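See below for the structure under consideration.
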Amino acid sequence: DGGITQSPKYLFRKEGQNVTLSCEQNLNHDAMYWYRQDPGQGLRLIYYSQIVNDFQKGDIAEGYSVSREKKESFPLTVTSAQKNPTAFYLCASSMGEVQPQHFGDGTRLSIL
Amino acid sequence: AQRVTQPEKLLSVFKGAPVELKCNYSYSGSPELFWYVQYSRQRLQLLLRHISRESIKGFTADLNKGETSFHLKKPFAQEEDSAMYYCALFSSNTGKLIFGQGTTLQVKP
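The listed protein sequences correspond, in order, to chains A and B.
Numbering follows the numbering used here, with no gaps: position 16 of the first sequence is 216.
Numbering follows the numbering used here, with no gaps: position 68 of the second sequence is 115.
Here it is, written out as structure tokens:
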């Protein structure tokens, strides 16, 4: 039914490797977000973007990078600087910052 | 500090029993609060927000500014209510949604 699509569903990273998680939305939402979900810690904000070509660091941005070149796309790169990348990553979008967020199915990243 | 606290990691009740999932917040301004739910093998989705004053799937949540709480309640739990529930606070200072740690609700037959 569309909405937000995250890919891949599962991703494995080797030591020293950068990996990129894809997030695409067809909801025409201005705002997009990346969260990290760890057991017992809820959702923690990595990066967010309120508008194309602009983004801000969230609470745990170290070791991650993003870009927002198109309204519908907000890819997240997990760099080798992120020492504990194993987690479930969720992408979300909303009409505006105070509007309800719509979430994707998530990507589970593991270390080889 | 802006914070959302859900004190229970797991809440287990029998079908038909009342349910209350607790949420307390710390915020200096006028809060915008949400409850999100994640059913097994489904996406995280909005359940309700306090400004709507709606009842969704029999759940209600009342903002109590005096106690800084936004507890989620349902008078009679159903097995299909079993899920992970997150309380969230929108911070207008930062433009960010702050999530609690989540509570797993288990409704037993």
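Note that beta-carbon positions come from the ideal geometry of N, C-alpha and C, so glycine has one too.
As the structure is a computational prediction, the values presented were derived from the model and not from experiment.
If you reduce the DSSP assignment to three classes, tell me which class residue i lands in.
{"i": "D230 of chain A", "result": "coil"}
{"i": "I254 of chain A", "result": "Note on residue identity: the sequence assigns Asp, not Ile, to residue 254 of chain A. Strand, per DSSP."}
{"i": "H97 of chain B", "result": "helix"}
{"i": "D128 of chain B", "result": "helix"}
{"i": "T115 of chain B", "result": "coil"}
{"i": "S75 of chain B", "result": "coil"}
{"i": "I103 of chain B", "result": "strand"}
{"i": "I204 of chain A", "result": "strand"}
{"i": "K214 of chain A", "result": "coil"}
{"i": "H91 of chain B", "result": "Sequence inspection shows Leu at residue 91 of chain B; the His mentioned does not correspond to that position. Coil, per DSSP."}
{"i": "D238 of chain A", "result": "strand"}
{"i": "A108 of chain B", "result": "strand"}
{"i": "V298 of chain A", "result": "coil"}
{"i": "A135 of chain B", "result": "strand"}
{"i": "K155 of chain B", "result": "strand"}
{"i": "K209 of chain A", "result": "coil"}
{"i": "Y86 of chain B", "result": "coil"}
Distance cutoff 8 Å, beta carbons only. Does residue i sit that close to anything in chain B?
{"i": "L227 of chain A", "result": "no"}
{"i": "Q282 of chain A", "result": "no"}
{"i": "G216 of chain A", "result": "no"}
{"i": "F303 of chain A", "result": "yes"}
{"i": "L290 of chain A", "result": "yes"}
Residue i touches chain B at which residues, Cβ-Cβ below 7 Å?
{"i": "E297 of chain A", "result": "G142"}
{"i": "L312 of chain A", "result": "Correct list: empty, because the minimum Cβ distance to chain B is about 26 Å."}
Of all Cβ atoms in chain A, is any one closer than 8 Å to the Cβ of residue i?
{"i": "Q92 of chain B", "result": "yes"}
{"i": "F81 of chain B", "result": "yes"}
{"i": "K120 of chain B", "result": "no"}
{"i": "K62 of chain B", "result": "no"}
Along chain A, in chain order, which residues have C-beta atoms closer than 7 Å to that of residue i?
{"i": "F146 of chain B", "result": "G242 and L243"}
{"i": "F137 of chain B", "result": "V298"}
Can you find a C-beta in chain D that's less than 8 Å from the C-beta of residue i?
{"i": "G76 of chain B", "result": "Structure shown: chain D not included; protein chains present are A and B."}
Since residue i meets chain A, which of its residues come closer than 8 Å, beta carbon to beta carbon?
{"i": "Y133 of chain B", "result": "G242 and L243"}
{"i": "K56 of chain B", "result": "G240"}
What in chain B is Cβ-close to residue i, meaning under 8 Å?
{"i": "Y248 of chain A", "result": "G142 and K143"}
{"i": "G258 of chain A", "result": "K143"}
Taking only runs that begin and end inside the region 48 to 74 of chain B, name each unbroken beta strand (DSSP E) of 3 or more residues, in chain order.
-> 50 to 52, 57 to 61, 66 to 68 and 71 to 73
Going along the region 94 to 112 of chain B in order, which residues come within less than 9 Å of chain A, judged by CB to CB distance?
-> R96
Within the region 265 to 293 of chain A, note down every full alpha helix (DSSP H) run reaching 4 residues or more, in order along the chain.
-> none
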